[in-house]
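Down below is the structure, laid out as structure tokens.
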């Protein structure tokens with residue numbers, strides 16, 4: 037009887053890939069576990085400093101001859117969840133979306149006079165006990181209304 | 017003369033070439049995208065306000081994250097920052113050093129602003145329930161140090177699309 041199996045040598049084509057696959061898989065799992073993806077944080081950006089008075093921290097060399105007009109938004113917290121905001125001496129708002137709509141209308145009225153929104157400074161004036169959450173909601177409303185210059189007023193109460 | 021034949025080549029097992037191709041692509045992707053060992057200094061445990069507007073990406077390389085915690089009984093918040101390899105170092109708004117009043121936070125901000133120029137920005141990460149009385153002290157220090165680029169950390173609110 038002729039045994040053929042012993043002579044039929046088994047040849048693998050190319051190098052043994054098993055250790056490579058092992059290492060590569062370990063690296064892949066390590067990267068997937070340790071890496072942080074996407075942005076966990078979200079940011080509202082501001083380029084306007086807090087103002088203690090009208091001009092705030094503007095560089096003395098860049099002070100415009102005619103200061104920008106200001107639109108003040110007074111904010112106070114009524115409870116943990118509710119706030120009240122007033123644009124200048126106008127009506128009160130307790131809803132951030134309605135405040136944003138009113139601010140959008142103000143911007144359109146301002147632009148209808150031929151003036152640019154860049155020339156108006158929105159000044160958020162919270163009270164000492166106004167909650168940060170509500171300040172941010174008003175800030176967001178001003179951003180939504182596409183006012184480009186939004187700053188803060190130091191609270192004196 | 018005995019003729020030597022080439023041995024018959026047989027593939028052993030499963031062909032792993034496509035697997036390696038895919039895995040290599042994944043590794044390159046993760047190496048490029050994953051932020052390993054990079055800390056923005058932002059404390060995720062802080063319950064920040066929720067907004068639907070805002071940016072997800074800012075220049076973290078030129079920023080300093082200020083984590084603000086409310087302190088009961090005082091308007092001065094506790095400010096913790098990751099500074100020069102030191103994690104969550106406390107910076108006071110002002111303190112008495114040898115009979116002289118110094119402003120540690122303002123000094124750090126001023127130095128960093130001088131070092132990094134106009135691109136330098138400050139990230140403010142504060143609890144949503146904090147009072148403006150506490151926040152404004154930090155804003156004032158930023159303004160005094162000449163830092164005008166501020167970023168307020170918020171949690172992104174998912175906007176529900178109706179219909």
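Chains as they are written, first to last, in this note's numbering: chain A, 37 to 193; chain B, 17 to 179.
Virtual Cβ for every residue (Gly too), placed ideally from N, Cα, C.
Quantities reported herein were computed from a predicted structural model and do not represent experimental measurements.
So, helix, strand or coil for residue i, using DSSP?
i                      : result
residue 122 of chain A : strand
residue 184 of chain A : coil
residue 67 of chain B  : strand
residue 51 of chain A  : coil
residue 35 of chain B  : helix
residue 162 of chain A : strand
residue 137 of chain A : helix
residue 59 of chain B  : coil
residue 98 of chain B  : strand
residue 106 of chain B : strand
residue 160 of chain B : helix
residue 108 of chain A : strand
residue 50 of chain B  : coil
residue 62 of chain A  : helix
residue 192 of chain A : coil
residue 93 of chain A  : Residue confidence is low: residue 93 of chain A scores 48 on pLDDT, short of 50, so the model does not pin down where it sits. Its coordinate-derived value is still stated next. Three-state DSSP puts residue 93 of chain A in coil, outside helix and strand.
residue 29 of chain B  : coil
residue 74 of chain B  : coil
residue 149 of chain A : coil
residue 92 of chain B  : coil
residue 133 of chain B : helix
residue 142 of chain A : helix
If residue i sits next to residue j, beta carbons under 8 Å apart, how far is it from one beta carbon to the other, in whole angstroms?
i                      : j                      : result
residue 153 of chain B : residue 96 of chain B  : Between residue 96 of chain B and residue 153 of chain B the Cβ distance is about 15 Å, and since that is not below 8 Å, they are no contact.
residue 170 of chain B : residue 160 of chain A : Rounded, the Cβ-Cβ distance is 15 Å, inconsistent with contact.
residue 129 of chain B : residue 161 of chain B : 6 Å
residue 169 of chain A : residue 93 of chain B  : The Cβ separation is near 15 Å, so there is no contact.
residue 40 of chain B  : residue 60 of chain A  : 7 Å
residue 135 of chain A : residue 177 of chain A : 4 Å
residue 185 of chain A : residue 145 of chain A : 17 Å between Cβ atoms; not a contact.
residue 142 of chain A : residue 105 of chain A : Contact flag wrong, Cβ pair sits at about 11 Å.
residue 149 of chain B : residue 80 of chain A  : Actually they do not touch by this definition, with Cβ atoms about 20 Å apart.
residue 124 of chain B : residue 155 of chain B : Not quite, the Cβ-Cβ distance comes to about 16 Å (not below 8 Å), so this is no contact.
residue 69 of chain B  : residue 180 of chain A : 6 Å
residue 104 of chain B : residue 157 of chain B : In fact, because the Cβ distance is near 18 Å, the residues do not count as touching under 8 Å.
residue 78 of chain A  : residue 56 of chain B  : That pair is no contact at about 12 Å.
residue 165 of chain B : residue 83 of chain A  : 6 Å
residue 200 of chain A : residue 148 of chain A : Lying outside 37 to 193, the shown extent of chain A, residue 200 of chain A is not represented and no answer is given.
residue 124 of chain A : residue 107 of chain A : 6 Å
residue 167 of chain B : residue 62 of chain B  : Contact flag wrong, Cβ pair sits at about 14 Å.
Which partner residues does residue i have in the DSSP bridge list?
i                      : result
residue 170 of chain B : A:78
residue 111 of chain B : B:118
residue 81 of chain B  : B:139
residue 167 of chain A : B:147
residue 129 of chain A : A:121
residue 113 of chain A : A:119
residue 157 of chain A : A:106
Cβ contact check for the region 129-148 of chain B and the region 81-92 of chain B: 3 or more pairs under 8 Å: Short answer: they touch.
Under 8 Å: do the region 29-46 of chain B and the region 50-57 of chain A share three or more Cβ pairs, one atom per stretch? The region 29-46 of chain B makes contact with the region 50-57 of chain A: 3 or more CB pairs, one atom from each, lie closer than 8 Å.
Interface residues of the region 120-152 of chain A facing chain B [CB-CB below 8 Å]: For the region 120-152 of chain A, the set of positions with a beta-carbon nearer than 8 Å to some beta-carbon of chain B is empty.
With contact counted as at least three CB pairs below 8 Å, one residue from each stretch, are the region 64-71 of chain A and the region 113-133 of chain A in contact? Between the region 64-71 of chain A and the region 113-133 of chain A there are fewer than three C-beta pairs closer than 8 Å, too few to call the two in contact.
Residues from the region 102-117 of chain A in contact with chain B, defined by Cβ distance under 9 Å: Cβ contacts with chain B come from 111, 113, 116.
Below 8 Å between beta carbons is the criterion; list the residues of the region 175-186 of chain A that meet it against any residue of chain B, in chain order. Cβ contacts with chain B: 175, 176, 179, 180.
Along the region 67-84 of chain B, what residues have a CB closer than 7 Å to any CB found in chain A? Hits within the stretch, in order: 67, 69, 70, 71, 72, 73, 74.
Given a limit of 8 Å on CB to CB distance, which residues of the region 57-74 of chain A reach chain B? Result list: 57, 60, 61, 63, 64, 67, 68, 70, 71, 72, 73, 74.
Residues from the region 91-116 of chain B in contact with chain A, defined by Cβ distance under 9 Å: Against chain A - using a Cβ distance shorter than 9 Å - the residues of the region 91-116 of chain B are 91.
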